[in-house]
Each structure stands twice: as structure tokens, then as C-alpha cells.
Amino acid sequence: MSSVLFPTSADIYLEVNGKKVAVVQSYSVVTTRSGKVIEAFGQDEPVATVNGSKQHVIELSRLYATDEAISDGINFYDLDSFSLVICKPDKRVVFSGCRWSRLEEEGTLGDTVMEKVKIVAGKRLETAVSG
423 MSSVLFPTSA
433 DIYLEVNGKK
443 VAVVQSYSVV
453 TTRSGKVIEA
463 FGQDEPVATV
473 NGSKQHVIEL
483 SRLYATDEAI
493 SDGINFYDLD
503 SFSLVICKPD
513 KRVVFSGCRW
523 SRLEEEGTLG
533 DTVMEKVKIV
543 AGKRLETAVS
553 G
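In the numbering used here, the protein residues as written are 423 to 553.
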């Protein structure tokens with residue numbers, strides 16, 4: 423009998439150059455696509471639509487830097503071109519080419535937590551997990 427594994431915060435993380443730098447407690451993704459309608463002279467309605475580019479905006483809550491990233495002196499404010507990895511029971515979703523657009527920090531002295539981070543991703547790749 424196989425057991426079903428549910429994702430935990432350790433299964434949602436930021437990666438820089440293949441190295442896990444922070445785990446994420448929760449996330450929400452909004453993907454939008456621009457589009458354009460094609461109109462024809464004398465027609466009341468568009469005759470076609472054309473898809474434009476996609477934009478992935480992701481809100482992350484409670485980021486914890488990994489011990490290795492802390493010892494390497496990670497600074498969330500300096501992160502640029504990183505990936506967000508989300509491991510689910512049947513697939514792995516990777517948002518790459520990420521850049522942060524908003525950082526919210528709360529905490530106490532020596533705390534390694536970034537409360538909320540808003541990022542914009544360049545690409546989304548989904549792969550099936552065999553098991």
C-alpha cells in the first residue's frame with residue numbers, strides 16, 4: 423500500500439544556483455496573460471483574439487533562511503534571478519527567473535524570517551514526479 427505525501431513548508435523553497443537558500447511557509451500565485459482582440463471593419467464583434475505574454479506574480483509568507491544560507495551571509499535584499507520550487511505529491515513546479523518586487527520584514531533581533539515577499543517570475547515549468 424502506498425502512502426500519500428502532503429507538501430510541507432520544507433517542500434516550498436527558494437533556490438539560487440541549485441542551492442536551497444530559504445524555506446517558505448505558504449504561497450499564492452496569480453498568473454495573468456495579456457491579450458489583444460482583432461477587429462474587422464464593419465463587424466460588431468472581434469473576429470479573433472491573440473494571446474500575449476504571461477506574468478506570474480507570487481506572494482510568499484514567512485521565509486526562513488536555511489542554516490547554510492545564513493552562514494554564507496544571505497541577504498534577501500540582494501537576491502536576484504532565483505527560483506521558487508514547489509513540490510507536490512504528483513508534480514514539481516518551478517518558477518524561474520524570479521525577482522522580488524516587495525519585501526516586508528518583521529521580527530526580533532537575530533530573527534531569520536522575512537514575513538512577506540512578492541516576486542515576479544519569468545517562467546513556470548511543471549514536471550511529473552514518478553513514484
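No residue lacks a Cβ here, since even glycine has one placed at the ideal position from N, Cα and C.
None of these values were measured; they are calculated from a predicted model.
Item                                                                                                                  : Value
Minimum C-alpha distance to R484 - residue among G529, V551, F504, L547                                               : G529
Among A470, T453, V542, E537, nearest to R461 - alpha-carbon criterion                                                : Residue identity differs from the one stated: residue 461 is Glu in this sequence, not Arg. It is A470 whose Cα lies nearest to the Cα of E461.
Alpha-carbon spacing of F504 relative to K441, whole angstroms                                                        : 10 angstroms
Simplified DSSP state of E467, which is helix, strand or coil                                                         : coil
V516 versus S523 - alpha carbon distance                                                                              : 18 angstroms
L482 and V446 closer than 8 angstroms at C-beta                                                                       : yes
Span separating the alpha-carbon of D512 from that of V551                                                            : 5 angstroms
C-alpha distance - K581 paired with V479, whole-angstrom precision                                                    : This structure gives no information on residue 581, because the portion of the chain shown stretches from 423 to 553.
As assigned by DSSP and simplified to three states, the class of I419                                                 : No answer is possible for residue 419: it lies beyond the span of the chain, which begins at 423 and ends at 553.
Other residues of its chain near V459: CB distance less than 7 angstroms, five sequence neighbours each side excluded : P468, T471
Those runs of the beta strand (DSSP E) which lie wholly inside the segment 471-553 and span at least 3 residues       : 504-509, 513-526, 535-543, 545-550
Which of helix, strand or coil DSSP assigns to A462                                                                   : coil
K545 beta carbon less than 8 angstroms from that of G519                                                              : yes
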